[in-house]
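Asks:
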Amino acid sequence: MDVTPADLRLARDRLRDHAVVTPLIENNELNARVGGRVFLKAENLQRTGSFKFRGAYNRLSQITADRRGAGVVAWSSGNHAQGVAAAAQILGIPATIVMPMDAPAIKADNTRRYGATVVEYDRYRESREDIARGIAAKSGAALVPSYDDPDIIAGQGTAGLEILDQATERGVQLAQLLVCCSGGGLVSGIATAFSEASPDTAIYAVEPEAFDDTARSLASGRREENAAQARSICDALQTPTPGELTFSINRRLLAGGLSVSDAEVREAMRFAFHHLKLVVEPGGAVALAALLHGRVDATDRVTGIVISGGNVDPSLFAQILTER
1 MDVTPADLRL ARDRLRDHAV VTPLIENNEL NARVGGRVFL KAENLQRTGS
51 FKFRGAYNRL SQITADRRGA GVVAWSSGNH AQGVAAAAQI LGIPATIVMP
101 MDAPAIKADN TRRYGATVVE YDRYRESRED IARGIAAKSG AALVPSYDDP
151 DIIAGQGTAG LEILDQATER GVQLAQLLVC CSGGGLVSGI ATAFSEASPD
201 TAIYAVEPEA FDDTARSLAS GRREENAAQA RSICDALQTP TPGELTFSIN
251 RRLLAGGLSV SDAEVREAMR FAFHHLKLVV EPGGAVALAA LLHGRVDATD
301 RVTGIVISGG NVDPSLFAQI LTER
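So the sequence shown is residues 1 to 324, counted in UniProt numbering.
(1) Give the list of continuous beta strand (DSSP E) stretches no shorter than 3 residues that lie fully inside the region 88-125.
(2) Taking the beta strand (DSSP E) that E26 belongs to, which residues open and close that run?
(3) Please list, in chain order, all residues of the same chain as R251 whose beta carbon is under 8 angstroms from its beta carbon, the five residues on each side excluded.
(4) If you follow the beta strand (DSSP E) that Q176 is in, where does it begin and where does it stop?
(5) Are the beta-carbon atoms of G83 and K52 separated by less than 9 angstroms?
(6) Mind checking which residues open and close the alpha helix (DSSP H) that includes G183?
(7) Pull up the DSSP beta-bridge partners for P208, would you.
(8) By DSSP, does D41 sit in helix, in strand, or in coil?
(9) Residue 352 bridges to which residues according to DSSP?
(10) Of the choices E162, I135, P240 and L24, whose alpha-carbon is the least far from that of S198?
(11) To the nearest whole angstrom, what separates the beta carbons of A205 and C234, a pair I think is in contact under 8 angstroms?
(12) Quick one: Cα of A95 to Cα of N31, how far?
(13) From T48 to A86, what does the alpha carbon distance come to, in whole angstroms?
(14) Going by the CB atoms, is the gap between I131 and T117 shorter than 9 angstroms?
(15) Would K140 be called buried (16 or more neighbouring beta carbons within 10 Å of its own) or exposed?
(16) Can you list, in chain order, the residues of its chain whose CB lies under 6 angstroms from that of R14, leaving out five sequence neighbours each side?
(17) Out of I190, S232, A108 and T64, state which residue places its alpha-carbon closest to the alpha-carbon of E207.
(18) Out of V286, Y114 and G36, which one is the CA nearest neighbour of E267?
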């Protein structure tokens with residue numbers, strides 16, 4: 001099974017009256033710092049605070065009316081949870097979300113606010129997929145994967161269609177595009193969009209150093225796993241291994257994988273707040289961190305950055321802003 005640009009266009013039609021067309025931002029100070037032009041896709045301003053609403057709504061909107069009463073069940077560290085909960089609320093579908101007990105409070109609280117039932121688990125001892133499948137088996141609810149699903153990927157890829165349209169309106173073509181990556185749904189969807197309209201754009205997946213499974217998988221040619229004891233401030237980017245479908249797309253379409261440290265992520269969050277006036281969560285800042293710390297050469301080039309989310313606990317954000 002594959003995902004095509006045509007699938008993305010159908011997803012865009014489904015999302016037209018529901019998802020935000022988020023801005024593509026250029027900032028003079030950032031341009032001066034890297035010596036080139038940079039355009040940032042601000043998905044932290046998307047409905048629910050991250051790109052995840054796109055895929056969730058595209059997936060749920062295709063559930064037939066006779067199946068909606070059984071509900072949906074998903075597993076997520078927070079952003080997919082909110083996306084599924086919000087989409088389910090719009091469509092009148094009961095939703096149950098399996099979330100780690102250490103998920104940021106803002107993400108768990110918002111998921112409940114959208115009307116979903118939250119089931120907590122220990123991310124280091126229990127399998128979220130097994131818990132979700134058990135709930136679905138008992139209730140008949142439809143499973144909504146967070147990334148390894150063609151409808152989810154197509155929905156996330158609509159962000160790529162928007163970037164292409166917005167760049168064209170500015171009269172620019174991106175030489176390279178850096179995308180935050182966990183299971184690979186966002187970057188595979190965006191890469192699919194660019195494969196047709198801008199195949200020469202080099203697209204990179206960016207991850208935290210402790211969860212660089214996509215980068216290692218692209219290098220080895222097979223799906224690699226993260227260490228069970230791995231830790232990172234980037235709570236949204238902690239999947240155990242790339243998705244089967246997402247990796248099959250990414251190994252074909254991506255230029256490579258990059259990784260950044262938690263300290264570099266914190267600095268990127270401060271830069272985004274002070275200079276871009278954006279609130280960005282740790283996982284949403286990894287692509288910007290990679291640019292700021294020279295993981296790619298942006299000199300005299302046009303670079304795109306996807307800011308993937310802004311759901312950060314206020315206490316953590318305040319702590320990061322006051323660090324030096």
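Using N, Cα and C, we set each Cβ at its ideal position, and we do this for glycine too.
Since we're looking at a predicted model, the values are computed, not measured.
Replies: From the atom records:
(1) 95-100 and 117-121
(2) L24 to E26
(3) S217, L218 and G221
(4) Q176 to C180
(5) Cβ atoms of G83 and K52: closer than 9 angstroms.
(6) Boundaries cannot be given for G183, as no alpha helix (DSSP H) includes it and DSSP labels it neither H nor E.
(7) V260
(8) Per the sequence shown, residue 41 should be read as Lys rather than Asp. It is a strand residue.
(9) Residue 352 falls outside the range modelled here, since the chain spans only 1 to 324, and no answer is possible.
(10) E162
(11) Not really, about 13 angstroms apart at Cβ, beyond 8 angstroms.
(12) 43 angstroms
(13) 7 angstroms
(14) no
(15) Inspection of the sequence shows that residue 140 is occupied by Gly rather than by Lys. So G140 ends up on the exposed side.
(16) N58 and S61
(17) S232
(18) V286
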